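Structure first, commentary second.
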Amino acid sequence: MDELNRAIIERLLRDGRATYQEVGNAVGLSAPAVKRRVDLMLARGEIAGFTVHVTPAAMGWTLEGYVEIFCDGIVAPAVLRRDLAPIPEVVRVATVAGDADAIVHVVAADMAGIERTVERIRSAAHVVKTRTSIVMSRVVDRPEA
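Be aware that the sequence shown starts at 2, since it is given in my numbering, and climbs by one per residue.
Right, dumping it as structure tokens:
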């Protein structure tokens with residue numbers, strides 16, 4: 002990926018609704034040139050797509066937490082995706098190095114919602130233990146790269 006594509010992505014990370022002209026003005030290209038580059042990055046999988054980032058509180062999710070998952074044996078990421086993606090309060094799942102096998106970012110309206118979500122996570126056949134940490138405040142919250 003060249004520096005112009007990196008600059009285009011940085012601009013889109015700051016404002017995903019920016020027009021090709023606005024991005025072009027920021028990086029020194031015409032709007033059609035930006036569109037061609039974005040289309041190529043999409044085709045190559047360098048840009049996975051465009052989405053809306055919602056403030057959790059706007060959805061009524063006033064609590065968030067991180068749930069460490071400890072599994073029985075080796076569990077493939079595809080199995081974690083299959084089991085956890087259907088839970089609407091699960092916003093991110095990542096396999097990790099260390100004691101836990103995976104970490105799950107969850108959001109909910111209240112503590113009862115967090116508890117229900119953790120219970121759903123625990124109900125997966127391969128999960129033998131969880132450890133949950135509740136977020137008190139976000140200190141740094143950058144757009145995803």
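Ideal Cβ positions, reconstructed from N, Cα and C, are used throughout, including at glycine.
On a predicted model such as this, the values are computed, not experimentally measured, just so you know.
Please state the DSSP three-state secondary structure of residue i.
{"i": "Val-24", "result": "helix"}
{"i": "Arg-7", "result": "helix"}
{"i": "Ala-109", "result": "strand"}
{"i": "Val-39", "result": "helix"}
{"i": "Ala-103", "result": "strand"}
{"i": "Arg-15", "result": "helix"}
{"i": "Val-119", "result": "helix"}
Could you name the residues of the same chain whose beta carbon sits closer than 6 Å to that of residue i, not counting the 5 residues immediately before and after it, in chain order?
{"i": "Thr-52", "result": "none"}
{"i": "Gln-22", "result": "Ala-32"}
{"i": "Ile-48", "result": "Met-42"}
{"i": "Gly-17", "result": "Phe-51"}
Report all residues from its chain with a CB closer than 7 Å to the CB of residue i; omit the five preceding and five following residues, and keep chain order.
{"i": "Leu-13", "result": "Ala-19, Val-24"}
{"i": "Met-112", "result": "Leu-64"}
{"i": "Val-119", "result": "Val-68, Thr-131, Thr-133"}
{"i": "Pro-78", "result": "Thr-96"}
{"i": "Asp-102", "result": "Ile-70, Phe-71, Cys-72, Val-76, Thr-96"}
{"i": "Gly-61", "result": "Ala-110"}
{"i": "Glu-90", "result": "Val-107, Val-108, Ala-109, Gly-114, Thr-118"}
{"i": "Ala-27", "result": "Arg-12"}
What whole-angstrom Cβ distance do residue i and residue j have, given they're in contact under 8 Å?
{"i": "Ile-115", "j": "Gly-66", "result": "6 Å"}
{"i": "Arg-82", "j": "Val-94", "result": "7 Å"}
Please state if the CB of residue j and the CB of residue i are separated by a distance shorter than 8 Å.
{"i": "Val-128", "j": "Ile-75", "result": "no"}
{"i": "Ala-125", "j": "Asp-73", "result": "no"}
{"i": "Val-35", "j": "Ile-10", "result": "no"}
Spatial neighbours of residue i within its chain, please: CB distance less than 8 Å, with the 5 preceding and 5 following residues excluded, ordered by chain position.
{"i": "Ala-59", "result": "none"}
{"i": "Asn-6", "result": "Arg-38, Met-42, Glu-47"}
Taking only runs of the beta strand (DSSP E) that begin and end inside the region 51–95, which ones reach a length of at least 3 residues, in chain order? 64–72
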